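Here is the structure we will look at.
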Amino acid sequence: MNSHSNNGNTGTVNHISRKEFLEDLPNKVRNTVRGVDLALINEAITAILEGHATINGKAPATRVERFIVIASYFKTARTSLNMFFDGATNIQNNYKVVFKFKDQTHTIKFPENVIDN
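Quick note, the sequence shown lines up with residues 6 to 122 if you use this note's numbering.
Written out as structure tokens, the structure reads:
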């Protein structure tokens, strides 16, 4: 998947990435997902497709990498109206997720050290 080109399949990519993310959520969290949560998840996927959300300096290439990036974005951007979600947990490999939210760059390092720029 080339996340930097818009070949008209953006909706399909969004749907597949969203479906995978929701399937990978813990059951108790998955059962609380509402429209406002889906909007934020879609926003994270759009950031990935536009190159504004990366993992280790590149677009996420695997389902696990996409989950980590979407979870990081969601956890940072959520409000009290969104579902409760701890984000990506128990990550053993070294990952550095970088994304922009509200004109601010956020960097999240795994295992679980948070740094805001």
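Yeah, the Cβ is synthetic: ideal placement off N, Cα and C, and Gly gets one too. These numbers come from a predicted model, not from an experiment.
Distance, residue j Cα to residue i Cα
i    : j    : result
K24  : R71  : 12 Å
G92  : F115 : 11 Å
K101 : D42  : 24 Å
D108 : A82  : 12 Å
T84  : I73  : 19 Å
Helix, strand or coil at residue i according to DSSP, with G and I counted as helix
i    : result
K63  : strand
T112 : strand
F89  : coil
K101 : strand
Reference residue i, options the options, closest by Cα
i   : options           : result
E48 : N36, R35 and A76  : A76
I96 : N87, E117 and T37 : E117
Beta-carbon contacts of residue i that lie in its chain and below 6 Å, excluding the five residues immediately before and after
i    : result
V119 : Since pLDDT at V119 reaches only 48, below the 50 mark, its modelled position is unreliable, and the value read off the structure follows with that caveat. I113, listed in sequence order.
Same chain, Cβ closer than 8 Å to residue i, neighbours up to 5 away in sequence not counted
i   : result
T94 : E117
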